[in-house]
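Trainee:
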Amino acid sequence: MPELAEVAWYARQWDAGLGQRVVAVRVREGARVYRGADALVLSKSLVGRVYEGVALHGKQMLFCFSGGGWLGVHLGMTGGLESAGPGGGGGRHDHLEVVMERVVLIFRDPRMFGRLIWEESEGEPGWWRELPPGVLTRGFRVDCVAEVLRRRSGTPLKALLLEQEFFPGIGNWMADEILWRLRLPPAVPAGGVDAGSLHREVRAVARGAMRTIGRDWSDPPAGWLFRHRWRDGGTCPRCGAGLVRETLRGRTACHCPGCQAA
DNA sequence: CATCATGTTATAAT
DNA sequence: CATTATAACATGAT
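Residue numbers (our numbering): 408 to 669.
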C-alpha cells in the first residue's frame with residue numbers, strides 16, 4: 408500500500424538498526440526486485456558498513472551506509488520493511504535481509520513491483536538529487552502547480568495527481584482523498600482547476616497522512632474518505648450518498664456522486 | 001475458479 | 001510528436 412506516509416512508516420522500522428554494523432547480508436538472487444541492482448555486489452559491499460540514516464522523498468527511500476554506500480528502495484505495490492530480532496527473516500518473500508549486530512533489517516515484497524538500487528559514491532546518487540520537489544517542501548510552489556495544470560489542461564485531474572514527476576508520493580487513495588476534498592470528480596480536466604486550492608489540499612492530505620499513518624500506522628482522521636473508499640458499498644462521510652468506484656486510466660477511482668458533481 | 005489490488009513501465013494504437 | 005489504452009510484471013485476498 409505504500410504511498411508517501413506508508414513509506415515513511417516503513418522507513419522508520421529500520422531505525423532499529425541505526426548505528427549498528429552490517430554483519431551479514433542475505434539476498435534472494437534473481438528476484439525481480441534486483442532488476443536495477445546486482446544482488447551479489449550488494450550483499451558483499453554492504454557487509455562491514457554502519458547504517459547511518461535514511462532520507463525520504465515521495466515513495467522513494469535512500470538508506471545511507473558508512474563509506475559512501477547508498478541503498479535506494481521503492482516498495483512498489485506490496486513492498487514493506489521491518490526489523491526483527493536475531494534469527495529473524497527467512498520469509499517466503501523476504502528478498503533482502505541485512506543482519507546487523509543486534510537486529511535484522513528485512514525488505515519483503517510478494518509481488519515484486521518494488522526495486523532496490525545500490526550505489527557507492529561520496530555524495531548522494533545522481534538519481535536522488537534529480538527528484539522533483541516534495542509536496543511538503545517549500546519547493547512545491549503554487550505557481551509550479553498552476554504551470555502543470557496549464558500544460559496538461561486536458562488531462563483528468565486524477566491521472567495528473569498520480570504522476571510522480573509532479574506530485575511525488577501521491578498514490579491512489581491520496582488522490583481520491585484530494586479530489587473529494589476539492590469536491591471535484593476524478594475525470595475533471597486539469598485546466599479548470601484552481602491551483603491554489605489544489606496546492607492546499609495536496610499538502611493537507613499529505614500532512615494528515617504523515618501525522619497518522621506515517622507516525623504509527625493509525626487511520627487518518629474520522630471523516631476522511633479513506634475509511635470508506637476501499638470496498639463496494641461505502642458511503643460518503645460528508646453527505647451519506649453511496650460512493651462510486653470506477654476505472655480511470657487503468658486505476659480504480661472512488662468518488663461521491665453527491666459531493667463531487669461534474 | 002474468477003476478479004481485483006494503495007505502482008510503474010513498455011508497447012501499441014490513435 | 002503527444003496522448004491514451006492496454007498489457008505486463010507476480011502474488012495474495014476476496
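Using N, Cα and C, we set each Cβ at its ideal position, and we do this for glycine too.
Determine the burial state of ASP626: buried for a count of at least 16 other Cβ atoms within 10 Å of its Cβ, exposed for fewer.
Mentor: Along the first sequence, read from residue 1 onward, the residue named residue 626 stands at position 219. So ASP626 counts as exposed.
Trainee: Give the straight-line distance between the Cα atoms of LEU503 and ALA444, rounded to the nearest whole angstrom.
Mentor: As a working note, residue 503 is residue 96 in the first sequence. As a working note, residue 444 is residue 37 in the first sequence. Straight-line Cα distance between these residues: approximately 12 Å.
Trainee: At which residues does the alpha helix (DSSP H) containing TRP580 begin and terminate?
Mentor: As a working mapping, residue 580 is identified with position 173 in the first sequence. Note, TRP580: alpha helix (DSSP H), 579-589.
Trainee: Alpha carbon to alpha carbon, what distance is there between HIS662 and PRO596?
Mentor: Locating residue 596 in the first sequence gives position 189, where the first residue counts as 1. Locating residue 662 in the first sequence gives position 255, where the first residue counts as 1. Each residue's Cα considered, the two are about 15 Å apart.
Trainee: Can you give me the Cβ contacts of VAL612 inside the same chain, cut-off strictly under 6 Å, excluding the 5 residues immediately before and after it?
Mentor: Position 205 of the first sequence, counted from the start, is the residue given in the question as residue 612. So the qualifying residues of the chain are MET581, GLU584, ILE585.
Trainee: Please report the residue range of the alpha helix (DSSP H) in which TRP637 lies.
Mentor: Locating residue 637 in the first sequence gives position 230, where the first residue counts as 1. Unbroken run through TRP637: none, as it is neither H nor E.
Trainee: LEU589: which of VAL505, ARG428, VAL430, GLY665 sits nearest, CA to CA?
Mentor: The residue you call residue 589 lines up with position 182 of the first sequence. Of the listed residues, the one whose Cα sits closest to LEU589 is GLY665.
Trainee: Does the distance from the CB of LEU453 to the CB of VAL480 come in under 8 Å?
Mentor: Start at 1 with the first residue of the first sequence, and residue 453 comes out as number 46. Start at 1 with the first residue of the first sequence, and residue 480 comes out as number 73. Result no, Cβ atoms of LEU453 and VAL480 do not sit closer than 8 Å.
Trainee: Please give me, in chain order, every unbroken run of the beta strand (DSSP E) with length at least 3 that falls completely inside the stretch 470-499.
Mentor: With a minimum length of 3 residues, the continuous beta strand (DSSP E) runs that stay inside the stretch 470-499 are 476-481, 487-491.
Trainee: Under 8 Å by Cβ, that's how I've got GLU529 and GLY475 pegged, so tell me the actual separation to the nearest angstrom.
Mentor: Position 122 of the first sequence, counted from the first residue, corresponds to residue 529. Position 68 of the first sequence, counted from the first residue, corresponds to residue 475. Yes, GLU529 and GLY475 are in contact; Cβ-Cβ is about 5 Å, under 8 Å.
Trainee: In three-state terms, what does DSSP make of CYS663?
Mentor: The residue labelled residue 663 in the question sits at position 256 within the first sequence. CYS663: coil per DSSP, three-state reduction.
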